[in-house]
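Structure first, then comments.
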Amino acid sequence: VSARDDLFSRALRDADWLIPDGVGIVLASRFLGGRIEERVTGSDIFRGVHERLNRAGGASVFFLGSSEETLAMMRTRMARDFPNVRVAGTYSPPFQPSFSNEDTGKMVAAVNSAAPDVLWVGMTSPKQDVWIHENRHRLNVKFAAAVGAVFDFYAGRVKRSHPLFRRLGLEWLPRLIREPRRLWSRMFVSAPIFLWHLVR
Numbered sequence: 007v008s009a010r011d012d013l014f015s016r017a018l019r020d021a022d023w024l025i026p027d028g029v030g031i032v033l034a035s036r037f038l039g040g041r042i043e044e045r046v047t048g049s050d051i052f053r054g055v056h057e058r059l060n061r062a063g064g065a066s067v068f069f070l071g072s073s074e075e076t077l078a079m080m081r082t083r084m085a086r087d088f089p090n091v092r093v094a095g096t097y098s099p100p101f102q103p104s105f106s107n108e109d110t111g112k113m114v115a116a117v118n119s120a121a122p123d124v125l126w127v128g129m130t131s132p133k134q135d136v137w138i139h140e141n142r143h144r145l146n147v148k149f150a151a152a153v154g155a156v157f158d159f160y161a162g163r164v165k166r167s168h169p170l171f172r173r174l175g176l177e178w179l180p181r182l183i184r185e186p187r188r189l190w191s192r193m194f195v196s197a198p199i200f201l202w203h204l205v206r
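All residue numbers for the sequence shown refer to this note's numbering, where the first residue is 7 and numbers rise by one.
In structure tokens, the structure reads:
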């Protein structure tokens, strides 16, 4: 996607931290002699950060994205899983391909008024990545991360693939079967383009 989307490409290049959330990245690293040894998912980062904050005595987080229902379910589960981590606020933005300046202003204001330590953005990619990149200097947070479908996974709205599929690097397969229309292009159009860029 970044090969044809300059904003997304810039967001990736300027990010402080990129994770190999995809077996293709791991295999590409091995092919090119890189040092990425294993896949790390958004869910891994989400849980790992909260476990660390909870052990340290707590911090505050903000969830930006998804539906009001999903956000409410996340807040309930967070209180149970990580009692020392405070959910400072949540915001469900409009479901549309891009945001107006007014939409963005409301989102930034909601985050800053809550003054969280950590901002999790759970939208679709590349929208979430570009949004963080374009607004990072306006956000009063210590850490902001784009985690995609993690909100739905954590809330229990969408089930993650069986651990066996995850270990084999095939977490995408059950999701493709469940959501063929949404994921077909990613798997059978984007993947060959990625391979072409890898070997050319």
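Just so you know, even glycine gets a beta-carbon here, dropped at the ideal spot from N, CA and C.
{"query": "Reference residue 77, options 206, 169, 183, 156, closest by Cα", "result": "156"}
{"query": "Residue 65 beta carbon less than 8 Å from that of residue 117", "result": "no"}
{"query": "Beta-ladder partner(s) of residue 70, from DSSP", "result": "97, 127"}
{"query": "Residue 159 versus residue 63 - alpha carbon distance", "result": "25 Å"}
{"query": "At least three beta-carbon pairs within less than 8 Å, the stretch 35-47 to the stretch 55-62", "result": "no"}
{"query": "Terminal residues of the beta strand (DSSP E) in which residue 149 lies", "result": "149-152"}
{"query": "Sub-8 Å separation of residue 127 and residue 137 beta-carbons", "result": "yes"}
{"query": "Sequence-distant residues of the same chain with beta carbon closer than 8 Å to residue 88, five excluded per side", "result": "56, 57, 59, 60"}
{"query": "Residues near residue 84 in its chain [Cβ-Cβ closer than 7 Å; skip 5 each side]", "result": "91, 93"}
{"query": "Pick from 133, 79, 40 that is closest to residue 163, judged by C-alpha positions", "result": "79"}
{"query": "Where residue 139 falls, given that 16 or more other Cβ within 10 Å makes a residue buried", "result": "buried"}
{"query": "Residue 114 versus 146, 103, 67, residue with shortest Cα-Cα distance", "result": "146"}
{"query": "Distance, residue 50 Cα to residue 42 Cα", "result": "16 Å"}
{"query": "Beta-bridge pairing of residue 91 - partner residues as DSSP gives them", "result": "65"}
{"query": "Nearest-angstrom Cβ-Cβ length linking residue 28 and residue 45, presumed shorter than 8 Å", "result": "7 Å"}
{"query": "Closest by C-alpha distance to residue 150, when choosing among 68, 112, 119, 98", "result": "68"}
{"query": "Own chain, CB closer than 7 Å to residue 74, minus 5 neighbours either side, in chain order", "result": "98"}
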